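Asks: Before I ask anything, here is the structure I am working with.
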């Protein structure tokens, strides 16, 4: 398997609400057959009905309860961009779950949940270089195990 992610699909309870939230943050997508596709750099973020997604994955649909064990991340180019994005999240109806601050590792970060409870980290980490297109280049972690 090649080391790559092409699509991230979020199961949502109200497609119009979810689409509106991401559009309020400046994302632009296409809705096709009750599915919304957003181009996000080299991958796509997809919004789809939660129950349909569960069935498509071969599992029983169930209520969204608590933390789902995954967080998406959006790195930015400055601390000010972290704060600006958090203000947009609040205006769009998201929930700030962790206020912006310098974390234990030394970079400025925060976390929020979208209206369906999907968690996002937003961070300014000068060690993670962002290209003009927003793609990230990981640093050499100094011989960390592969």
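In the working numbering, the protein residues as written are 89 to 234. Cβ coordinates follow ideal geometry from the N, Cα and C atoms, glycine included. None of the values given here were measured: they were computed from a predicted structure.
#1: Mapping the DSSP letters down to three states, classify residue 218 as helix, strand or coil.
#2: Please determine, among 152, 116, 146, the residue with the shortest C-alpha to C-alpha distance to residue 133.
#3: Roughly how many angstroms separate the alpha carbons of residue 220 and residue 181, rounded to a whole number?
#4: Cα-Cα, which of 138, 215, 113, 129 is closest to residue 175?
#5: Applying the criterion that 16 or more other CB atoms from any shown protein chain within 10 Å of the CB defines a buried residue, is residue 155 buried or exposed?
#6: Taking residue 99 as the reference, which of 120, 127, 151, 89 has the closest Cα?
#7: Under the rule that 16 or more other beta-carbon atoms within 10 Å means buried, what is residue 261, buried or exposed?
#8: Can you tell me whether DSSP reads residue 117 as helix, strand or coil?
#9: Can the beta-carbon of residue 167 be found closer than 7 angstroms to that of residue 212?
#10: Please determine if the segment 156 to 163 and the segment 200 to 210 are in contact, where contact requires at least 3 C-beta pairs separated by less than 8 angstroms.
Replies: Reading from the atomic positions:
#1: strand
#2: 116
#3: 29 angstroms
#4: 113
#5: exposed
#6: 151
#7: With the chain represented from 89 up to 234, any question about residue 261 goes unanswered, as that position is not in the structure.
#8: strand
#9: yes
#10: yes
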